[in-house]
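Chemist:
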Amino acid sequence: MFNKLYSKVLSWSRHRHAEWYLGGLSFAESSFFPIPPDVLLAPMSLAQPEKAVRFALLTTIASVLGGIFGYLIGYFFIDLIIPWLENSHYWEKYLTAREWFAEWGFWAVFIAGFSPIPYKVFTLTAGALSMAFIPFVIASAIGRGARFFLVAMLLSWGGERLEKTLHIYINRIGWGVMILLVAGILIYKL
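Each number in the numbering used here comes from the position in the sequence shown (counting from 1) with 755 added on.
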């Protein structure tokens, strides 16, 4: 099951429009979309290691532009978004983001940009709290860039050898992740 999925994702990463998809996904994820660009950046860097720096740069630029869009949404439309946030699983994350901004300011954006925390929540919150725009962009560029270049460089370093090794073990890895996910959900629910 996971071998077929792995092969399909690698074929998508070699598609002639893959860079456009990566840029669009990176932009959207920073302001409103739930899927992180790593799901395309990683296989693209693995499949075409010679272009990993290009992919990381594209992802960073598109993500920062999406972050600016998220900032503007938060700045101008937070009153319209609050009801949706309150009824979604993002409400607690939004409140946490507000606390982080109160405590760390600039560093909250940097940490959110690098970490797997939903970055879009921080872009909206930065706008809603009227964070200074230039520091927001700088923190976004550094945090997002560090994350995406790290992912791209690690996977390009493994290159074809890592791709073949993953192909051998992908079923074990996939089932292991599924078991951990189910166990995590059960622990969380109990």
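Yeah, the Cβ is synthetic: ideal placement off N, Cα and C, and Gly gets one too.
Model, not experiment: these values are computed from the prediction.
Out of curiosity, what's the CA-to-CA distance linking F946 and Y826?
Modeler: Residue numbering for the chain in the displayed model covers 756 to 945; residue 946 lies beyond these limits and cannot be assessed.
Chemist: Alpha carbon to alpha carbon, what distance is there between I942 and P873?
Modeler: Numbered from its first residue, the sequence shown carries residue 873 at position 118. Numbered from its first residue, the sequence shown carries residue 942 at position 187. Using only the alpha carbons, I get a separation of about 22 Å.
Chemist: Roughly how many angstroms separate the alpha carbons of H772 and L945, rounded to a whole number?
Modeler: Position 17 of the sequence shown, counted from the start, is the residue given in the question as residue 772. Position 190 of the sequence shown, counted from the start, is the residue given in the question as residue 945. One C-alpha to the other measures close to 44 Å.
Chemist: Please classify M799: is it buried, with 16 or more other beta-carbons within 10 angstroms of its beta-carbon, or exposed?
Modeler: Along the sequence shown, one-based indexing puts residue 799 at 44. It counts as buried.
Chemist: I need the boundaries of the alpha helix (DSSP H) containing G860, first residue and last residue.
Modeler: Locating residue 860 in the sequence shown gives position 105, counting from the first residue. Taken as a continuous stretch (DSSP letters only), G860 belongs to no alpha helix (DSSP H), as it is neither H nor E.
Chemist: Looking at C-beta atoms only, is the number of pairs between the segment 907-914 and the segment 806-822 that lie closer than 8 Å three or more?
Modeler: Result yes; three or more Cβ-Cβ pairs closer than 8 Å.
Chemist: Which residue marks the beginning of the alpha helix (DSSP H) containing L777, and which one marks its end?
Modeler: As a first step, residue 777 must be located in the sequence shown, where it is residue number 22. Start and end: A773 to E784.
Chemist: Mind checking which residues open and close the alpha helix (DSSP H) that includes A807?
Modeler: As a working note, residue 807 is residue 52 in the sequence shown. Taken as a continuous stretch (DSSP letters only), the alpha helix (DSSP H) holding A807 covers A807 to E841.
Chemist: Just to confirm before moving on: does the CB-CB distance between V876 and G898 stay below 9 Å?
Modeler: Counted from its first residue, the sequence shown places residue 876 at position 121. Counted from its first residue, the sequence shown places residue 898 at position 143. No, these two residues do not count as a Cβ contact at 9 Å.
Chemist: How would you label I828, buried or exposed, when you count the other beta carbons within 10 angstroms and need 16 or more for buried?
Modeler: By one-based count along the sequence shown, residue 828 stands at place 73. By the neighbour-count rule (16 or more Cβ atoms within 10 Å), I828 is buried.
Chemist: Does DSSP put F787 in a helix, in a strand, or in coil?
Modeler: By one-based count along the sequence shown, residue 787 stands at place 32. If DSSP states are grouped into helix, strand and coil, F787 belongs with coil.
Chemist: Buried or exposed: P791, going by 16 or more other Cβ atoms within 10 Å of its Cβ?
Modeler: Taking the first residue of the sequence shown as position 1, residue 791 is located at position 36. Under this definition P791 is a buried residue.
Chemist: Rounded to whole angstroms, how far is the Cβ of G822 from the Cβ of S885, which I believe are closer than 8 Å?
Modeler: By one-based count along the sequence shown, residue 822 stands at place 67. By one-based count along the sequence shown, residue 885 stands at place 130. In fact, because the Cβ distance is near 15 Å, the residues do not count as touching under 8 Å.
Chemist: What residue does the alpha helix (DSSP H) around P798 start on, and which one ends it?
Modeler: Along the sequence shown, read from residue 1 onward, the residue named residue 798 stands at position 43. Where P798 is concerned, the enclosing alpha helix (DSSP H) stretches over D793 to A802.
Chemist: Could you check what DSSP says for A894 in three-state terms: helix, strand or coil?
Modeler: Position 139 of the sequence shown holds residue 894. Three-state DSSP puts A894 in a helix.
Chemist: In angstroms, rounded to a whole number, what distance separates the CA positions of A938 and H844?
Modeler: Residue numbering aside, residue 938 sits at position 183 when the sequence shown is read from its first letter. Residue numbering aside, residue 844 sits at position 89 when the sequence shown is read from its first letter. Looking at the two C-alpha atoms, the distance is approximately 20 Å.
Chemist: Just verifying my parser: in three-state terms, what is the DSSP assignment at S911?
Modeler: Residue mapping note: residue 911 aligns to position 156 of the sequence shown, counting from 1. It is helical.
Chemist: For F787, which of I889, W862, I833 and A797 has the nearest alpha-carbon?
Modeler: Along the sequence shown, read from residue 1 onward, the residue named residue 787 stands at position 32. Checking every option, the nearest Cα to that of F787 belongs to I833.
Chemist: Taking all protein chains shown into account, do 16 or more other C-beta atoms lie within 10 angstroms of the C-beta of F891, making it buried, or fewer, making it exposed?
Modeler: Translated into positions along the sequence shown, residue 891 becomes position 136. F891 should be labelled buried.
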